[in-house]
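Scroll down for the structure; my scribbles are underneath it.
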Amino acid sequence: MTALWENLQSLRARLRPGTRFMGVVKADAYGHGLLPVARALETYGADGLAVAFGAEAAELRDQHIRLPILVMGGPYREWASFYQHYEVTATVFDAEAARRMNAEAMAPLRVHLKVDTGMGRLGVPLADLPAFLEQWRAWPKLILDGVFSHFACADEADDSLTETQIKRFEQAVEAVRAHGHRPTILHMANSAATLRYPASHFDMVRVGLALYGVQPGGDPTGERPVLRPVMRVWSEVALVKDLPEGATSGYGAEFVARRPTRLIVIPLGYADGFRRSATGAAVVLRGRRIPVVGRVSMDMIVADASDHPEAASIRRSEPVEIFGQPGADGIRAEDHAVWAGTVPYEILTGIGGRVNRRIV
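Once you know that position 183 of the sequence shown is 182 in numbering that gives the first Met the number 0, the rest is easy, because the numbers rise by one and skip nothing.
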């Protein structure tokens, strides 16, 4: 977990003194392992953890993680007794859930209010907030301890919506305080905003993608923090296969050898997270990129090693890098996202369950 520690320090260096750091560990810590990452962040001095669902929070508490935990997705199946039993913080964003939480709470319950400033998803819209806060008077057991929102476009080149969202959030906080609430923590910045919009840091930042070593978006100054990939995915050479000119490989016979060709078969496929939609993909063998050819199969991919300077000596069981190794010819999750026409989040969280995990 050395890379995780280094990324945490690099990101914290971007914050003004006193700004808290919440590590986002939802979705199995973006595929890195919920418990090992949470334990590491607790050891490294993170100020809190964010998850999407109550079950994730329960697992952390059952494994004796004591950091503050925010359940960002709101109460779906778990209600007041759950949050009080596990001592985790609920998110409130609609009156129906708030009424039920208040009715079932056996003691005062600290919650965070989510405001929709432009994401158009969860959260109370700014226009509806005054009326919502008036209703809050009927929920005396709910202590409004925090206010937060979420950016829609912080990793996009166009700043306009992001800057508008920051202004709307500031207006929302004013409305909350005008109704007599005194939230102790305001938070809005995701990874991209943490790097690009210091005005969005408020009391705390919530960082996921960048924590795991993936660049979420450009910095307008051209400066990027040094981030190391936390996840490295490797496989091996299962077979060296020599094809004569004109022979084909893979489903649909899409790859046709235009010359005598040396292929390597790698026992990892789309069931393991290597996207079938990847176009122009490569792997790294002995420090050199070689192209993946033919269709990605469920359990295998094939790469063309013909132009590798050491092609003649390639042997079974040699390690093959899928992604995560730094270096000029290294492959990152961002590369796979480009090849597959998706986002790095999907690459990281899509590594299949049969891929062996090892914490180093």
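By construction, the Cβ of each residue, glycine as well, lies at the ideal position given by its N, Cα and C atoms.
Check	Outcome
Host beta strand (DSSP E) of Gly-47 (start-end)	47 to 50
Close-in-space but distant-in-sequence residues of the same chain around Phe-52 (CB under 6 angstroms, 5 per side omitted)	Gly-72
Contact belief for Ala-270 with Met-230 at Cβ below 8 angstroms, rounded distance in angstroms	With a Cβ gap of about 18 angstroms, Ala-270 and Met-230 do not count as contacting.
CB-CB length for Ile-265 against Ser-234, believed under 8 angstroms	5 angstroms
Which of helix, strand or coil DSSP assigns to Val-264	strand
Between the CA atoms of Gly-44 and Asp-218 - distance to the nearest angstrom	Per-residue confidence for Asp-218 stands at a pLDDT of 47, beneath the threshold of 50, marking its modelled position as unreliable; no derived number is given.
Pair within 9 angstroms by beta-carbon distance, Ser-199 and Ala-130	no
Cβ contact (3+ pairs, closer than 8 angstroms) linking the region 333 to 352 and the region 305 to 314	no
Cβ contact check for the region 142 to 150 and the region 105 to 117: 3 or more pairs under 8 angstroms	yes
Same chain, Cβ closer than 6 angstroms to Met-118, neighbours up to 5 away in sequence not counted	His-149, Ala-151
Same chain only: Cβ atoms within 6 angstroms of Thr-183, ignoring 5 sequence neighbours per side	Asp-144
Length at least 4, wholly inside the region 281 to 345: the alpha helix (DSSP H) runs in chain order	332 to 339
Nearest to Lys-25 (by Cα), restricted to the options Gln-8, Ala-56, Arg-15, Arg-38	Ala-56
Sequence ranges, alpha helix (DSSP H) only - wholly within the region 54 to 93, length at least 4	79 to 85
Where Pro-124 sits in the DSSP three-state scheme	strand
Three-state secondary structure (DSSP) of Ala-28	helix
Cβ shell of Gly-272 (< 6 angstroms), same chain only, five flanking positions each side left out	Gly-349, Ile-350, Gly-351
Leu-7 versus Leu-210 - alpha carbon distance	6 angstroms
Sequence ranges, beta strand (DSSP E) only - wholly within the region 162 to 205, length at least 3	184 to 188
Proximity below 9 angstroms, CB of Gln-40 to CB of Gly-17	Gln is not the amino acid found at residue 40; the sequence shown has Leu there. Cβ distance not < 9 angstroms, so Leu-40 and Gly-17 don't count as in contact.
Alpha carbon of Leu-69 to alpha carbon of Glu-5, nearest angstrom	24 angstroms
C-beta contact flag for Gly-212 and Leu-226 at 9 angstroms	yes
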